[in-house]
Amino acid sequence: TLITYYQFDDNLDDSESNATLTELATNATSGYGNNATGSYWYWTSSEDRGGGFQIDIPDNLITDSYSIGVRFQYNEIGAPGNLWEKIIDYQNRTSDNGFYFNDGKIRFYPGTAEGTNQYVADTPYDLVVTRNGDNNEFIAYIVDEDGYLTLEFTYDDSDGNGNPIIVDNK
94 TLITYYQFDD NLDDSESNAT LTELATNATS GYGNNATGSY WYWTSSEDRG GGFQIDIPDN
154 LITDSYSIGV RFQYNEIGAP GNLWEKIIDY QNRTSDNGFY FNDGKIRFYP GTAEGTNQYV
214 ADTPYDLVVT RNGDNNEFIA YIVDEDGYLT LEFTYDDSDG NGNPIIVDNK
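In this note's numbering, the protein residues as written are 94 to 263.
Pasting the structure below:
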């Protein structure tokens with residue numbers, strides 16, 4: 094069941110009206126754009142842990158099994174070991190645990206789960222991540238131009254690092 098859906102057509106509205114997306118105060122700039130792959134929202138940040146957004150979803154809609162589809166693009170790829178860019182933060186910015194873009198690959202930290210594809214700068218990519226709470230698997234897929242999913246990695250998430258933080262029911 095689709096819970097939230099953001100098209101970023103010059104706004105941060107959830108077309109399902111279930112959640113609130115809030116831009117983080119650490120964003121230095123942000124805006125909207127459109128290219129051949131669709132509309133998007135972008136931001137820049139000078140903070141060590143980056144900027145981005147927070148999505149508040151009522152706790153009665155969240156479980157430990159979910160899927161998230163996201164399109165991302167980075168403008169630069171650093172030298173090995175120098176560029177960790179968080180794609181999804183599950184810990185409300187209280188730890189470094191999360192889903193990252195690092196040295197041109199996607200990774201889940203902590204742990205050694207790493208994607209097989211080498212991504213390039215200034216190219217949009219569509220990803221789908223799924224967490225199966227029944228067996229604690231966090232799975233990342235890349236979506237190709239024909240819409241097919243290709244497995245990037247599977248992460249044993251027995252520690253629950255891929256579970257979103259539930260604040261309270263609004």
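Every residue gets a Cβ at the ideal spot worked out from N, C-alpha and C, and that includes glycine.
| Asked | Found |
| --- | --- |
| Burial state of Glu245, where buried means 16 or more other Cβ atoms lie within 10 Å | buried |
| Glu192, enclosing beta strand (DSSP E) - first and last residue | Before going further, note that residue 192 is Phe rather than Glu in the sequence given. From DSSP, the beta strand (DSSP E) with Phe192 extends over Gly191 to Asn195. |
| Endpoints, the beta strand (DSSP E) within which Gly131 is located | Gly131 to Thr137 |
| Segment limits, beta strand (DSSP E) that includes Tyr202 | Lys198 to Tyr202 |
| Touch test, the region 210–230 against the region 143–154, Cβ-Cβ under 8 Å, three pairs minimum | no |
| Cross-strand partners of Ser160 (DSSP beta bridge) | Thr223 |
| Same chain only: Cβ atoms within 8 Å of Ile180, ignoring 5 sequence neighbours per side | Val163, Phe165, Gly191, Phe192, Tyr193, Phe194, Ile199 and Leu220 |
| Among Asn153, Ser188, Tyr212 and Gly131, nearest to Asn111 - alpha-carbon criterion | Asn153 |
| Per-residue burial, Tyr241 [other beta carbons within 10 Å of its own, 16 or more giving buried] | exposed |
| Beta-carbon proximity check, Asp102 vs Ser132, cutoff 8 Å | yes |
| Asp237 in three-state terms, based on DSSP | coil |
| Close-in-space but distant-in-sequence residues of the same chain around Asp227 (CB under 8 Å, 5 per side omitted) | Ser158 |
| Candidates Gln100, Asn168 and Asp250: closest to Pro203 by CA position | Asp250 |
| Assigned secondary structure, Asn267 (DSSP; H/G/I helix, E/B strand, else coil) | Here the chain has residues from 94 to 263 only, and residue 267 is not among them. |
| Cutoff 6 Å; reference Trp177; Cβ partners in own chain excluding five residues on either side | Tyr193 and Asn195 |
| Inter-residue spacing [alpha-carbon to alpha-carbon] between Asn256 and Thr113 | 18 Å |
| Sequence-distant residues of the same chain with beta carbon closer than 6 Å to Asn120, five excluded per side | Trp136, Ser138 and Gly144 |
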